[in-house]
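Visitor: Under the numbering used here, the residues of the sequence shown are numbered 205 to 392, in order. Glycine residues also receive a C-beta, built at the ideal position from the N, C-alpha and C atoms. Small disclaimer: the values here were computed from a predicted structure and weren't measured. Starting off with a structure, shown below.
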Amino acid sequence: MNAPRLVYVLAILAALWLIRDWLQPPPSLDFGQSSGASYRLPGHTITPLEPFQLEARVLAREDYRFDRGTKIAPIDLALGWGPMADPQILERIEISQGNRWYRWHVDEFPIPRRQIETHSANMHMIPANAAIAEQLAEIEPGQRIAFSGQLVEVVGDDGFRWLSSLSREDTGDGACELIWVEQLVRLD
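Right, here's the structure in full:
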């Protein structure tokens, strides 16, 4: 086999290997048990910080398969409430997600900037059980949902640490909520 053909075959094999990984379902979560003040998932301790509940519109959704947080929170939801749940306002806001961040862009503000910042957020969703995981898997942008659970801190046995924001006034790095989702209802 000549060199160009070998390179071509190797490139095809590498592409097939990557596609195989991409097409596989996300890793299954092994749901842990409560130990009173915390929950245990394989390799991780999840400590509740404070109760949390919200009724919101799903602005965007991103599923994760490869980052460190996938073992804990395989789905992020960008959520909006109050004015950020209004479809007429949302028509004028471009929304995207990626790399555990939620981003928005406007050409002209339909509401004040601070209202966008304090009435929307990227939330890392940790399903408390298999039923919640199935419900989260079916959530789509545009839907209205209500959920409750706990804002949490996750500490991995390997030193990994992930901490939820406890404020809706913050923005930027560290402003996302990390939620142990115990109840979830689609409102429409």
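One question on the structure: do MET329 and LEU370 come within less than 8 Å of each other, judged by their Cβ atoms?
Guide: The answer is no: Cβ separation not under 8 Å.
Visitor: Answer with yes or no whether the minimum CB distance from THR251 to chain B is below 8 Å.
Guide: Considering every chain present, this structure includes no chain B. It has just one protein chain.
Visitor: Run through the DSSP bridge pairs and tell me what HIS328 is partnered with.
Guide: ASP280 and LEU382, per the DSSP bridge assignment.
Visitor: Classify ASN391 as buried or exposed, calling it buried when 16 or more other Cβ atoms lie within 10 Å of its own Cβ.
Guide: Here residue 391 turns out to be Leu, not Asn, going by the sequence shown. By the 10 Å Cβ count, LEU391 comes out exposed.
Visitor: Just verifying my parser: in three-state terms, what is the DSSP assignment at LEU367?
Guide: Three-state result, LEU367: strand.
Visitor: Find out if the Cβ-Cβ distance for the pair GLY346, VAL385 is shorter than 8 Å.
Guide: Cβ distance not < 8 Å, so GLY346 and VAL385 don't count as in contact.
Visitor: Does the ligand FMN have even one heavy atom less than 7 Å from the beta-carbon of ALA379?
Guide: Because no ligand of any kind appears in the structure shown, any question about the ligand FMN cannot be addressed here.
Visitor: Using the Cα positions of GLU381 and ASP267, report the straight-line distance between them to the nearest angstrom.
Guide: So the alpha carbons of these two residues sit roughly 16 Å apart.
Visitor: Return the CA-CA distance between ASP362 and ARG209, expressed in angstroms with no decimal places.
Guide: When rounded, the distance between both Cα atoms is 43 Å.
Visitor: Secondary structure at PRO316, three-state DSSP: helix, strand or coil?
Guide: Looking at PRO316 - three-state DSSP - the assignment turns out to be coil, as it is neither helix nor strand.
Visitor: Tell me whether the beta-carbon of VAL262 lies closer than 8 Å to the beta-carbon of LEU283.
Guide: Against a cut-off of 8 Å, the Cβ pair of LEU283 and VAL262 comes out as a contact.
Visitor: Is PRO291 helix, strand or coil when you go by DSSP?
Guide: Helix, per DSSP.
Visitor: Do THR322 and GLU373 count as a contact pair if the criterion is CB distance below 8 Å?
Guide: Going by C-beta atoms, GLU373 is nearer than 8 Å to THR322.
Visitor: Tell me, to the nearest whole angstrom, how far the beta carbon of ILE276 is from that of HIS248; I am working on the premise that it is less than 8 Å.
Guide: Going by Cβ atoms, the distance from ILE276 to HIS248 rounds to 6 Å, so yes, they are a contact pair.
Visitor: When you compare only the Cα positions, how much space is there between ARG317 and ARG265?
Guide: About 22 Å.
Visitor: State the CB to CB distance for the pair LEU388 and PHE351, rounded to an integer number of angstroms; the pair is presumed to be in contact (CB under 8 Å).
Guide: Indeed they touch by this definition, with Cβ atoms about 4 Å apart.
Visitor: Taking buried to mean at least 16 other C-beta atoms within 10 Å of its own C-beta, is SER368 buried or exposed?
Guide: Under this definition SER368 is a buried residue.
Visitor: By how many angstroms is the C-alpha of ALA332 removed from the C-alpha of PRO230?
Guide: Here the model assigns PRO230 a pLDDT of 37, short of 50, so the residue's position is not dependable, and the following value carries that caveat. Using only the alpha carbons, I get a separation of about 16 Å.
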